[in-house]
Every structure is written in C-alpha cells, then in structure tokens.
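Before any comments, here is the structure.
Numbering (our numbering), first residue to last: 4 to 166.
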C-alpha cells in the first residue's frame with residue numbers, strides 16, 4: 004500500500020506495482036529477444052547467399068529455402084505478438100499481462116528455434132567460435148529462462164484467461 008493509504012481503499016498494493024513492473028521488464032526482454040533472433044536470421048540469410056557449393060550459393064537449394072522460409076514465418080509471428088504486448092504495456096491496457104504472457108511464450112520458443120536452426124544452416128562453422136552465431140544461441144537459452152520459460156507463460160496465459 005502507499006504510505007498513508009488504508010488497505011482496500013483502491014490504492015495499488017505492492018503486489019500490483021510489482022506485477023506491472025515484471026510485465027514491463029518481460030515485454031522489454033521480449034523486444035531484446037526479437038532483435039537477437041532477427042540478427043541471427045539476417046546473418047544466416049547472408050551466409051546462405053555467400054557460401055557456395057557446387058558453384059552456386061547454398062541458399063539456392065530448395066530444402067534450405069524452405070527452412071529459411073519457416074524461420075521467417077516464425078519470426079514474423081513473434082514480431083506481431085511482441086509488438087502487441089509492448090503497445091499494451093505502454094498503454095497500461097487491462098489485457099497487458101495476457102499479451103505479455105503470450106509474447107514471452109512465443110519469443111522464448113522462437114528465439115531458441117531460430118538460433119539453433121541458424122547454427123545448423125551455417126554447417127560446421129556455425130558451432131565454432133569463428134562466427135558469433137553460437138553466441139545468439141547461448142543468449143537465447145539464457146533469455147528463455149529469464150522471467151519464466153515458454154511453458155510457464157503458456158500456463159500463465161491460460162490462467163489469466165480463466166482456464
């Protein structure tokens with residue numbers, strides 16, 4: 004409670020303030036995660052266009068195109084839900100906690116998937132320290148657990164929706 008406020012008089016409690024603070028921090032982390040996965044994706048696309056096999060860029064192979072297209076779709080879906088959460092938090096919307104839970108669940112899973120796939124698409128060099136692509140994966144794993152992992156936020160999303 005605020006100093007001088009009586010419990011139950013409508014003033015926000017410490018728990019209310021903390022919930023809003025954690026939602027804001029989680030939304031900010033989701034934005035960082037989105038930026039990290041975008042950079043990992045961009046570097047991977049550049050590598051696919053640059054690396055040649057059999058005299059042609061490996062990005063011209065259909066299987067790799069499909070894998071890159073899948074990553075692009077997941078990245079854009081994540082971008083949509085993260086932006087919605089950021090707007091809701093900034094506006095102080097009533098559904099901000101729900102949108103933040105959805106954003107963190109999606110961003111946690113997608114960041115790990117995008118960076119793991121980026122390592123695979125880089126081939127053997129993706130697992131070395133010669134390229135920074137492995138650092139994105141390590142950061143994805145750290146961010147995944149910060150403020151709760153994807154499973155926690157899926158459960159939270161359901162609870163906030165009354166399930």
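Glycine residues also receive a C-beta, built at the ideal position from the N, C-alpha and C atoms. Small disclaimer: the values here were computed from a predicted structure and weren't measured.
Quiz item: Helix, strand or coil: how does DSSP classify residue 4 here?
Solution: Note that residue 4 scores a pLDDT of 47, beneath 50, so its modelled location is shaky and nothing firm can be said.
Exercise. Report the three-state DSSP secondary structure of residue 65 (helix, strand or coil).
Key: helix
Practice problem: Measure the alpha-carbon distance for residue 4 versus residue 12 and round it to whole angstroms. | Solution: Reliability fails at residue 4, whose pLDDT of 47 lies under 50, so the model's placement of it is uncertain and the value that follows must be treated cautiously. If you take the alpha carbons of residue 4 and residue 12, they lie about 9 Å apart.
Quiz item: Is it buried or exposed for residue 138, if we count other Cβ within 10 angstroms and need 16 for buried?
Solution: exposed
Quiz item: Looking only at its own chain, which residues have a Cβ that is under 6 Å from the Cβ of residue 129, when we skip the five neighbours before and after it?
Solution: 122 and 136
Quiz item: So what does DSSP say about residue 164, is it helix, strand or coil?
Solution: coil
Quiz item: Going by C-alpha distance, which of 111, 88 and 28 is nearest residue 141?
Solution: 111
Quiz item: Where do the ends of the alpha helix (DSSP H) carrying residue 128 lie?
Solution: It is not in any alpha helix (DSSP H) - residue 128 carries neither H nor E in the DSSP assignment.
Exercise. Could you check which residue in 151, 14, 164 and 126 has the C-alpha nearest to that of residue 50?
Key: 126
Quiz prompt | Exposure label - residue 68; buried when at least 16 CB within 10 Å | solution = exposed
Practice problem: Determine the closest residue to residue 28 out of 106, 160 and 162, with distance taken between C-alpha atoms. | Solution: 106
Self-check item: For residue 84: DSSP bridge partner residues
Solution: Looking at the DSSP assignment, residue 84 forms no beta bridge with any residue, so it has no partner.
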